[in-house]
Each structure stands twice: as C-alpha cells, then as structure tokens.
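*Asks:* One structure, as structure tokens, below. Some questions next.
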Amino acid sequence: MIEKGHEIYNRACTMCHGLNGTVGDRAPALAAARRYLRSSDRDLFDAIRNGIPGTLMPPFSMPENDVWSVVAYIRSLRATAIDSPVEGDRVRGGEIFRGKGRCLECHTVRGSGGFLGPDLSNIARERSLNFLRDVLTKPRPNHARGYRAAHVVTAQGRTLRGIVRNENNFSVQFVDTAGKLHLFARGELRELAYEPRPLMPVAADSLSAGEIQDLLAFLARLTRDSGPTLSSTVARPAGLSFPDLLRPTPANWISYNGSYNSQRHSLLKQIDIRNVHALAPRWIFHVPGAQRLESVPVVVDGVMYVSQPNEVYALDARTGRLIWEHHRQPALHRGPNRGVAVYGSRVYFGTPDAHLVALDALTGNLLWDVQMADPKDGYWCPVAPLALKDRIIVGIAPGDHGLNGWLDAYDAQTGKRLWRWWAVPRPGEPGSQTWPGDSWKTGGGDTWLTGSYDPQLNLIYWGIGNPAPDFNGDSRMGDNLYTECMVALDADSGRLQWYFQFTPHDVYDWDSVEIPILVDAPYQGRPRKLLVQANRNGFYYVLDRTSGRFLHGTPFVQRINWASGLAEDGRPMRVPGVEPSLQGTKVCPATAGATNWMSPAYNPETNWFYVVAMEGCGINTKSADSFQPGGHPFMATGYIESPEEPWEMHVRALDLTTGKLQWDYPQIGSRSYGAGLLSTAGGLIFAGDDQGVLTALDARTGKALWHFNNGQRISASPITYSVEGRQYVALSAGSNVVAFGLP
C-alpha cells in the first residue's frame, strides 16, 4: 500500500508538497509540517478526497483505496528513522561519513563540520528512513530551499561559487564555499546561475551498496544526544574577535550596550540635527508571535541578530530580509529576552528554562546548550550575555521569588562553566554577617541586566537586584550584601574586587541593575576612571571604578521622600517612617523607580549623561510571607501607583560629574517604562516611549526635531549602524523590528 501511495503521490502531489513531502513550494512539506503531524488518518483522507476550502488544495476524484494508499505513504513519511529498524554497521558508517563519503565537509554535526548543507545533528528524529535512503541513492534536483548550488558574478567581475540561502526580486543572500555570507542587491550582480546538480553528490556514485547501508545505519541513529563526536578540518569564518570588541567599528552595533563602556554613543553622523527631519522607515520585520519585544538588536557586518524568548532571527540589516531563524524546542514560556551576544562566529542567548545556548552565526545551527539552573526551581535567563576574551558572562532571574542570583562565566568555545560568583554570600564568607540566621538562603539578588567591562582593569561591573522578601525586611535585618550593589569582579577568576551599596537593607524593591556607564574624564582637576549610574532610588552616583570609592551623588528626580540626602560615604540618610507598612505608606520614587532597565547614554562631546527618568510615587504595603520552592513570588505584599502623583516619564540631560540638570524633555502621556536612549555624533538623542513614538532630540537643547509613531509600545533601546555607507537607526517596537534611514 505504501509503495502504491508513493507512486500516486509522485504523480499528483509532488508539484505542491515537494518530493518525499519535503520543501513544498506551494503547500506545506507534509513530512515536516508540525500542524499536520497530529492529523488523524480520517482527516487526511477527507482533505485529499474533498480538498481544503480557502486554500489551493483541490479535491481529488480517485478510488477510495488509492486515497488510503496516499494516506499510508504520508504516514510513512512521518515515521522517523530513529523508530525504524535498519541494518548495517553504524561504526563503519560513521567512518564513511567523515572519511570516504566526505559528508562532514558540508554538513554540521553537533557544532563540527561544514556550512553548505543542512545540520544533521538530529537527523534520525527529523527524517524517515525512506527519505534518508532516497537521498543517498537517487539523484535529486537542485531545489533545496536555502541550499541551492549556484555561482554568481558580481558587477566588478568576480565569480563566486556556493549556495543561495534566500532571494527575491531585489536581493540575494549567498554563502560562498569559504563560508562568507554575501548580502547582494540584485543590481550588484552581473549574473546568478544555478548549477544543474546540487552540491551533494549521489552516494551510489562513489560508495558500494554495503557502504551505503552502513552510512544509512549511522544516519538513522544520529541524534543530538547520541553518537560519536566528530572532528572536522573545515575552516570556520573568523567572525567577531576580541580586538574587534575592544575597538568596535562605528558601522556595527556589537553588543547590548554597544560597547564595553556602555555609553551607547555612536560615532556615526550621517544622520544629524540638520537632516533628521527627513528620516523615514526603510524596512520592517515582523517577529511572529511577539507581543512586546524587549531585545536590543546586534549588528555585525551587515547582519542583524534579534531575539525573543526561545527564538533568534538573523536579518539582512540593509533590507530586513530573514537569513535564518532558530526556535528552541521544547519552548518554555517564562519572562522576556533582552538580546544576544555575538563573538567569533557564534551567537549566544539565554533561555526561559535557564540555559545558555550557542548558535552558528552563519547558519543558526545549534552548537552547544548548557543548563545554568534547574527551571523547576523557577529560574530563567532574560539577560543579553556579555562576550569578552574567551568567555561569555551571563546573569540570572528572578530574585523576587527568593531565588539567589549569581554571575557566571562560560567558555565561549565549549560552554564549560569557568566560574560562578554568588550575589548572596554563604555563611563564613565576607558579607554573610549582613544576613541573620538562614535569611541568606532566600536572599534574592538577581543579575538580570547586562553589565559593563573595563579591559585595562580587567574588571566586570554588574548591578545587583533587590533582596527578598521585597517589602518586609524584618526577617533579614542588616544591609543584605550584595543586593542593591554595584560590584566589580575580576574577569578571569570572578573574584569580588570591590562593591558599593546604593540602598542598604532595601524594602522598596529598587533593583540596582541599571546600566553602569564607564567614562575616563577629569574629576576635581585630575583624570579619573569613573563609573556613573542613575539608580532607581532617585539618586545619580559618580564612583571611582578602580576602587569603588563614592565621589558624588545627587537627586535626578524631584520626588524623593525616603532619604534626605547622601552621607559623605554615599550611604543614604533615611527619613524615619517612610517604608512599607500594614496600612500603606507613600514612597517616592515608586517601586518602579526613578528609572528602571531602560538604557541611559553618554555623549563625550557634551560631557552629559542622558537618562529616562520617572517622576511618581507609590503606596507600599507589607505583610508576612513564607518562601515556597518552585518559583513562587516571595515579596511580602507590594505597591500600587499613588493616585495623587501619577507617573510621568522624562528624558533628562545631566552634567557627568555634578549631576546638574541641563535640560528636561517631558514625554507627555507616557506612564510606563522600558524604552531607552541612543546618542550619536550627529548631535542627536533618540528616545522611545510606551506610546510607540520614537523621537530624535537635540543633544544640547533637548528640543524635539523628529518623531515617528511605530504603532506599538516601545520597550527596548534604539541602536544605529551603517551598511554600504548608509546609516540606519533601528529598534524593537511591539512585535516588529523597524529600521529608519534617510532618503
């Protein structure tokens, strides 16, 4: 019956659904389409006999037995190789795969191999035995989407051979045999010609029947978690090096914060105060399923990487065309995702089930996947990782569930954990005396926003979240180190070098994770290595980042009632009675903070610090609470917005060393936070808001020069980059990524 169904399928169905149910041009590839895998036999029968209204699927008037034969064949396509009996020598097949068969020259297996063919790491669970046999023994047309062999001739006369990853009337994405991705406009090509045969040869032309059977046996049991480790001599593209990260070209936006100093200032100035009025959308990419993107795009050599929970997309940064997409399965849905890191030829991102994942930047193939914590405990990872030297630095969330935070370093090549620094010290460790009894076990202190790095000092600077329970500190009397701190860690060992605590014994939920900006500038007549931060508690801080010494602090919002100022050492001078109570207490700023996770910026030309500030108060209450394992809130009540002082968002410019207000731009009607800032050498500050409006402000005056309504709430920070000499400004807005440019 299956053979007869195969014959009928080839005659009646291949044109739309593709050979062997794969790569359908006009209809779903039935061997892989997830939504059809759960269809019953009767459903399939009815679809073939009666067609599917509203689609191109027509009814077929064929004998009932023929219809059931086609159903049987479709079912056989979905029986994966791992579940099918197969003869042959698997070990010998593996030797053929990486040797005589030359398969590893084009295909990747668990991070090793070539880039001109599909990833075969999990092929035994993705394809049927019949499909694998046909691929090895029968000639195939050069139609595989994303892997069509071709050669191109550029307008300059250069000939390249490789594969076409994607194309349309206006652009061509081409990977040459050296592994370089070319993002051509059609006008940049003199010729594009497809080869008569795919790059993959027919195994029967070079292997005996027995060798083919052995190779089939190897492939039929090849999964991501089983099989031998295969080494390859295929050279990978070098990608983004550590020197590139140290001295980033202005054309790229290489990390969440743009550079190690986190200034979010670009040297690009094609778009400036004189022409910004002409700025207009150049392309829009819709992220399927997204509702409120919080990720900051990263751009490297014309390729943009953007993420949402469980997903990463690589886009042509000039056109917005998709290059590849990665979807993590199974997909746990928990928390946001704020972006990726790119290092070498790899892309790194954290997941809702607390894993750190490495992908091939050229193909999106999974290279390694390490678990940072057990998601059953309630942990997740929203953090955009930080890449430096040979390692990836990443934090964790959430602290509001009584889950203690840490900062991890992983080997960028292998995923091996190199060190872990705990935000809440264990008994006997320095700082443990600030936690009475067993309160340290559920102390919180998450690390959910990306930090900064000083390569000269080799120090990582990271803001630490609040203690738990959030609003009732009676069970954790003390300063509760190292929550609400800025910490400086040695990048090689993870050892704490210094700390500064902004809000000792916090009972307001004022995470201190806001981005620390690093600036080398004169302070009181002599050069200093400074770290500046606008904190959620309402004060702007200037620290010496070599020692952690407090240099200066001043309010940057008007409504502060919990502290009368800062002492000489930077410790807040609290106002008695302004803390959560059973009946509710008005606290200014509100728990949402005088600012939050929206990124600030610094312009070295003005020497001003730019911040999104929030004026407003909250009514804070407290009660008794008990820790529950498994990721349950451990907050001991909470807060509501004060009806007397509704929140209002502002963009403010502060003098770097004094914090003196230079100008104030109210974002009228904005009541929620999330949208950060971007500074450019064109004299501009770009700011988004929760109403969906991206605004360009004059960096010296705060005057609005241009605005655009994206139609969706902005909860991320804008970036700028350049491709082929043209500057773009881009950001995530709601469910879209939007790029703007001049005409």
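In the working numbering, the protein residues as written are 573 to 1315. Each residue gets a CB set at the ideal place from its N, CA and C atoms; glycine is no exception.
#1: Can you give the Cα-Cα distance for Q1105 and I856, rounded to whole angstroms?
#2: Can you give me the C-alpha to C-alpha distance between G577 and S648, rounded to a whole angstrom?
#3: Taking A926 as the reference, give the member of H898, A969, G916 with the closest Cα.
#4: Would I1161 pass as a contact of R1131 if the rule is Cβ separation under 9 Å?
#5: Please determine if the region 1283-1303 and the region 1192-1209 are in contact, where contact requires at least 3 C-beta pairs separated by less than 8 Å.
#6: For the candidate residues I965, G987, W994, whose alpha-carbon lies nearest to that of A981?
#7: Label D1018 either buried or exposed according to how many other C-beta atoms from any shown protein chain fall within 10 Å of its C-beta, with 16 as the threshold for buried.
#8: By a C-beta neighbour count over all protein chains shown, 10 Å radius and 16 as the cutoff for buried, is E1001 buried or exposed?
#9: Distance check for P881 and T1006, CA to CA, integer angstroms please.
#10: Can you list, in chain order, the residues of its chain whose CB lies under 7 Å from that of Y608, leaving out five sequence neighbours each side?
#11: Keeping to the same chain, check which residues put their C-beta closer than 8 Å to that of C678; ignore five residues upstream and five downstream.
#12: Please go through the same chain and pick out, in chain order, the residues whose beta-carbon is closer than 6 Å to the beta-carbon of R910, but skip the five residues on each side of it.
#13: Would you grab the beta carbon distance between A721 and E767 for me? Rounded to a whole angstrom, and I think it's under 8 Å.
#14: For a minimum of 4 consecutive residues, which ranges assigned as the alpha helix (DSSP H) are wholly contained in the region 779-862?
#15: Kindly indicate which residue of L1256, A1311, V707 has the alpha-carbon position closest to the one of G848.
#16: Name the one or two DSSP bridge partners that E1213 has.
#17: By DSSP, does K672 sit in helix, in strand, or in coil?
#18: Let's test the definition: count the other Cβ atoms within 10 Å of the Cβ of N582 and tell me whether it reaches 16, buried, or not, exposed.
#19: Just checking, does the region 1039-1058 make contact with the region 985-1002 on the three C-beta pairs under 8 Å criterion?
#20: Which same chain residues end up closer than 6 Å to M573 when comparing Cβ atoms and leaving out the 5 residues on each side of it in sequence?
#21: Could you name the residues that DSSP lists as bridge partners for N714?
#22: Cα-Cα, which of L975, V681, H837, R699 is closest to S803?
#23: Between the alpha carbons of A807 and G751, how many angstroms are there, rounded?
#24: Counting beta carbon pairs with one atom in the region 695-713 and one in the region 659-672, are three or more of them shorter than 8 Å?
#25: Suppose contacts are defined by Cβ-Cβ distances below 9 Å. Is H1222 in contact with Y1245 by that definition?
#26: Please classify R992: does DSSP put it in a helix, a strand, or coil?
#27: How big is the Cα-Cα spacing for P1127 and T1167?
#28: Is W940 helix, strand or coil by DSSP?
#29: In whole angstroms, what separates the C-alpha of A852 from that of S1304?
#30: Taking the alpha carbon of G1137 as the point to measure from, which residue in T1178, Q863, F746, T1075 has its own alpha carbon closest?
#31: Can the beta-carbon of Y1033 be found less than 9 Å from the beta-carbon of L1090?
#32: Given this structure, state the Cα-to-Cα distance separating F1122 from I1291, to the nearest angstrom.
#33: Leaving out five residues before and five after N1038 in sequence, what residues of the same chain have Cβ atoms less than 7 Å from its Cβ?
#34: For L1266, is the classification buried or exposed, using 16 other Cβ atoms within 10 angstroms of its Cβ as the cut-off for buried?
#35: If I'm right that G1260 touches A1268 with Cβ under 8 Å, what's the distance once you round it to whole angstroms?
#36: Please tell me whether R864 and G1306 are closer than 9 Å, where the distance is taken between their beta carbons.
*Replies:* Let me lay it out:
#1: Here residue 1105 refers to the residue found at position 533 of the sequence shown. Here residue 856 refers to the residue found at position 284 of the sequence shown. Computed Cα separation, rounded: 33 Å.
#2: Position 5 of the sequence shown, counted from the first residue, corresponds to residue 577. Position 76 of the sequence shown, counted from the first residue, corresponds to residue 648. Looking at the two C-alpha atoms, the distance is approximately 10 Å.
#3: Translated into the one-based positions of the sequence shown, residue 926 becomes position 354. Of all alpha-carbon atoms in H898, A969, G916, the one lying nearest the alpha-carbon of A926 is that of A969.
#4: In the sequence shown, residue 1161 corresponds to position 589, counting from 1. In the sequence shown, residue 1131 corresponds to position 559, counting from 1. Residue identity check: residue 1161 is Pro in the sequence provided, not Ile. In this structure, the beta-carbon distance from P1161 to R1131 falls below 9 Å.
#5: The region 1283-1303, when compared against the region 1192-1209, does not touch it at the 8 Å Cβ threshold.
#6: Walking along the sequence shown from the start, residue 981 turns up at place 409. When only C-alpha atoms are compared, the closest one is I965.
#7: Counted from its first residue, the sequence shown places residue 1018 at position 446. Around the beta carbon of D1018, 16 or more other beta carbons lie within 10 angstroms, which makes this residue buried.
#8: Within the sequence shown, numbered from 1, the residue matching residue 1001 stands at position 429. Residue environment analysis places E1001 among the exposed positions, since fewer than 16 neighbouring C-beta atoms fall within 10 angstroms of its C-beta.
#9: Counting from one through the sequence shown, the residue named residue 1006 turns up at place 434. Counting from one through the sequence shown, the residue named residue 881 turns up at place 309. Going from the Cα of T1006 to the Cα of P881 covers about 36 Å.
#10: Start at 1 with the first residue of the sequence shown, and residue 608 comes out as number 36. Its pLDDT being 47, under 50, Y608 is placed unreliably in this model, and the coordinates cannot settle the point.
#11: Counting from one through the sequence shown, the residue named residue 678 turns up at place 106. Excluding residues within five positions, the ones whose Cβ falls inside 8 Å are G685, G686, F687, L688, G689, L771, M772.
#12: By 1-based counting over the sequence shown, the position of residue 910 is 338. For R910, same chain residues with a beta-carbon under 6 Å away, outside a window of 5 residues either side, are E866, S867, P954, A956 in chain order.
#13: As a first step, residue 721 must be located in the sequence shown, where it is residue number 149. As a first step, residue 767 must be located in the sequence shown, where it is residue number 195. Contact between A721 and E767 holds: CB atoms are separated by about 4 Å, below the 8 Å threshold.
#14: Complete alpha helix (DSSP H) runs here, min 4: 781-791, 814-818.
#15: Counting from one through the sequence shown, the residue named residue 848 turns up at place 276. According to the sequence as given, residue 848 is Val; it is not Gly. If you compare the alpha carbons of L1256, A1311, V707 with that of V848, the shortest gap goes to L1256.
#16: Working through the sequence shown from its first residue, we reach residue 1213 at position 641. E1213 pairs with G1190.
#17: The residue you call residue 672 lines up with position 100 of the sequence shown. The three-state reading of DSSP puts K672 in coil, since its state is none of H, G, I, E or B.
#18: Taking the first residue of the sequence shown as 1, we reach residue 582 at position 10. N582 is exposed by the Cβ-count criterion.
#19: Put simply, the region 1039-1058 touches the region 985-1002. At least three CB pairs are less than 8 Å apart.
#20: Position 1 of the sequence shown, counted from the start, is the residue given in the question as residue 573. Counting only Cβ-Cβ distances below 6 Å, and skipping sequence neighbours, we find S641, A644.
#21: Residue mapping note: residue 714 aligns to position 142 of the sequence shown, counting from 1. DSSP, once it has assigned bridges, lists no residue as partnering N714.
#22: On the sequence shown, position 231 is the one that residue 803 refers to. Of the listed residues, the one whose Cα sits closest to S803 is V681.
#23: Residue mapping note: residue 807 aligns to position 235 of the sequence shown, counting from 1. Residue mapping note: residue 751 aligns to position 179 of the sequence shown, counting from 1. G751 has its alpha-carbon roughly 8 Å from the corresponding atom of A807.
#24: Touching, no.
#25: Here residue 1222 corresponds to residue number 650 of the sequence shown, with the count starting at 1. Here residue 1245 corresponds to residue number 673 of the sequence shown, with the count starting at 1. Cβ atoms of H1222 and Y1245: not closer than 9 Å.
#26: Here residue 992 is taken as the residue at index 420 of the sequence shown, counted from 1. For R992, the secondary structure class from DSSP, reduced to helix, strand or coil, is strand.
#27: For this step, residue 1127 is matched to residue 555 along the sequence shown. For this step, residue 1167 is matched to residue 595 along the sequence shown. Distance between the alpha carbons of P1127 and T1167: 12 Å.
#28: What you label residue 940 is simply residue 368 of the sequence shown in a count that begins at 1. Correct three-state label for W940: strand.
#29: For this step, residue 852 is matched to residue 280 along the sequence shown. For this step, residue 1304 is matched to residue 732 along the sequence shown. A direct Cα-to-Cα measurement between A852 and S1304 gives close to 16 Å.
#30: Along the sequence shown, read from residue 1 onward, the residue named residue 1137 stands at position 565. The shortest Cα separation from G1137 among T1178, Q863, F746, T1075 belongs to T1075.
#31: Indexing the sequence shown from 1 puts residue 1033 at position 461. Indexing the sequence shown from 1 puts residue 1090 at position 518. Taking 9 Å as the Cβ cut-off, Y1033 and L1090 qualify as a contacting pair.
#32: The sequence position of residue 1122 within the sequence shown is 550, counting from 1. The sequence position of residue 1291 within the sequence shown is 719, counting from 1. When rounded, the distance between both Cα atoms is 31 Å.
#33: Taking the sequence shown and counting its residues from 1, the one referred to as residue 1038 is at position 466. Non-local C-beta neighbours of N1038 in its own chain, meaning closer than 7 Å and more than five positions away in sequence, comprise G971, G1016, T1055, E1056, D1078, D1081, W1082, D1083, ordered along the chain.
#34: In the sequence shown, counting from the first residue as 1, residue 1266 sits at position 694. Classification of L1266: buried, given that the 10 Å Cβ count is 16 or more.
#35: Position 688 of the sequence shown, counting from 1, holds the residue named residue 1260. Position 696 of the sequence shown, counting from 1, holds the residue named residue 1268. Contact flag wrong, Cβ pair sits at about 11 Å.
#36: Mapped onto the sequence shown, residue 864 falls at position 292. Mapped onto the sequence shown, residue 1306 falls at position 734. R864 is a Cβ neighbour of G1306, given a cutoff of 9 Å.
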